[in-house]
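S.K.: Going by our numbering, the first residue of the sequence shown is number 135, and it counts up by one from there. Below are the structure tokens for one structure; questions will follow.
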Amino acid sequence: MNKTQIITILAAIGLFGLLFLGFDTKPQKQKDLEKSRSFNAELTSGQALLKNAKEGLSSSDLNEVSLLESQTNAENDSLKAEFLKELSGRWYELQRPDIAGYYAEQVAELENSEESWAISGTTFSLCLQRMQREDQVDFCKRRAISSFENAISLSPENMTHQVNLAMVFANNPPQEQPMKGIQMLLALNRKAPENVLVLKTLARFGMQTNQFEKALGRLQKAKAQAPEDKELDCLLAKAHQGLGNAAEAARFQSLCEK
């Protein structure tokens, strides 16, 4: 996956621990065991999804993918990681973010860096937005969670990974804890009340449930912290529109479109 593809993937998530802040205080050994059990309970495997994806390829695309696969047998880990990135990027171009994530996760396992785990998690999050089949959604959700957890463990102070993890739960709520994602975001807001990303994310969810007044307050607070953030202008336009403030909605929409 080249630099442009990485930037595209990181931007496309649209954001818009230590599974943190009281949500997870389990020892690492217990978390590793639970992760293993979780993957064992998956509806499908990466290999099964890969087989299915290949069946839908043209002969030229299949030949290209097969060539890239053969190069991932390199003994040097750095070289192998580069070929895996190319393979991940190619599958992303082929509109299969589940397979792109499958290979991005292998890169992260080799490199074990904050950036590589974040890219893995973001790619699986894109899969959750775009894939429809139950087995694909289940596969990508479990791996998005584990990838962001790994990124957080390597960089617990980076709020973006924590927000992205919360977004996975908020957009794909566990049946037994339907409010888990929102609770995680609220906990982050208590920890860092001025954080613009957290405020924007909470405002988005608020507007989805017609809580425009509360969303407006959060967006105004974020705007005070980041006056040049154009995305905030767009969100403020939507919040004012929801409240019936036509003049303010038009003003911020104009700023949004500049």
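Here a beta-carbon is modelled for each residue, glycine too, at the ideal position from N, C-alpha and C.
I'd like the ranges of any alpha helix (DSSP H) spanning at least 4 consecutive residues and lying wholly in the region 241-299.
M.R.: Counting only runs of 4 or more, we get 248-264, 268-288.
S.K.: Express the C-alpha separation of Q317 and N344 in angstroms, rounding to a whole number.
M.R.: Rounded to whole angstroms, N344 to Q317 spans 18 Å at the Cα level.
S.K.: Is there contact between the region 350-363 and the region 322-340, where contact requires at least three CB pairs shorter than 8 Å?
M.R.: A contact exists between the region 350-363 and the region 322-340.
S.K.: CA-CA distance, L366 and A384?
M.R.: For L366 and A384, the distance between alpha carbons rounds to 14 Å.
S.K.: How far does the alpha helix (DSSP H) with D195 in it extend, from its first residue to its last?
M.R.: Element bounds for D195: 193-205.
S.K.: Which residue's Cα is closest to the Cα of R264: T206, Q229, K185?
M.R.: The shortest C-alpha separation from R264 is found at Q229.
S.K.: Between which two residues does the alpha helix (DSSP H) containing K357 stretch?
M.R.: Taken as a continuous stretch (DSSP letters only), the alpha helix (DSSP H) holding K357 covers 346-359.
S.K.: Below 8 Å between beta carbons: does that hold for N292 and A242?
M.R.: For N292 and A242, no; Cβs fall outside 8 Å.
S.K.: Taking DSSP as the reference, what is the three-state secondary structure of M318?
M.R.: If DSSP states are grouped into helix, strand and coil, M318 belongs with the helices.
S.K.: Beta carbon of I233, beta carbon of L184: below 8 Å?
M.R.: Closer than 8 Å, so yes.
S.K.: Excluding sequence positions up to five away, which residues of its chain have a Cβ less than 6 Å from the Cβ of L389?
M.R.: Result list for L389: D367, in chain order.
S.K.: Work out the CA separation of A215 and W225 for me, nearest whole Å.
M.R.: In a straight line, the C-alpha of W225 is about 15 Å away from that of A215.
S.K.: Does the distance from the C-beta atom of V302 to that of K275 stay below 8 Å?
M.R.: Their beta carbons are under 8 Å apart, which means V302 touches K275 by this criterion.
S.K.: Have a look at L369, S287, S222 and flag the residue whose alpha-carbon is nearest the alpha-carbon of F386.
M.R.: Nearest C-alpha to F386: L369.
S.K.: Can you tell which of P361, E239, K188, D272 has the C-alpha that lies nearest to the C-alpha of P308?
M.R.: Considering only alpha carbons, the answer is D272.
S.K.: On the DSSP letters alone, give me the boundaries of the alpha helix (DSSP H) that N186 sits inside.
M.R.: Where N186 is concerned, the enclosing alpha helix (DSSP H) stretches over 180-189.
S.K.: Tell me which residue opens and which closes the alpha helix (DSSP H) that M105 is part of.
M.R.: Missing from the structure shown is residue 105; the chain here goes from 135 to 392 and no further.
S.K.: Hey, S212 and A238 are a contact pair by Cβ (cut 8 Å); roughly how many whole angstroms apart?
M.R.: Between A238 and S212 the Cβ distance is about 16 Å, and since that is not below 8 Å, they are no contact.
S.K.: Would you tell me roughly how many angstroms separate the C-alpha atoms of A182 and D269, rounded to the nearest one?
M.R.: Approximately 10 Å, taken between the alpha carbons.
S.K.: Beta-carbon separation of R277 and G235 under 8 Å?
M.R.: In contact: R277 and G235 (Cβ atoms closer than 8 Å).
S.K.: Within this structure, are the beta carbons of L260 and N306 separated by less than 8 Å?
M.R.: Taking 8 Å as the Cβ cut-off, L260 and N306 do not qualify as a contacting pair.
S.K.: What are the boundary residues of the alpha helix (DSSP H) that Q309 is part of?
M.R.: From DSSP, Q309 is part of no alpha helix (DSSP H); its letter is neither H nor E.
S.K.: Mind checking which residues open and close the alpha helix (DSSP H) that includes K219?
M.R.: 211-227 is the extent of the alpha helix (DSSP H) around K219.
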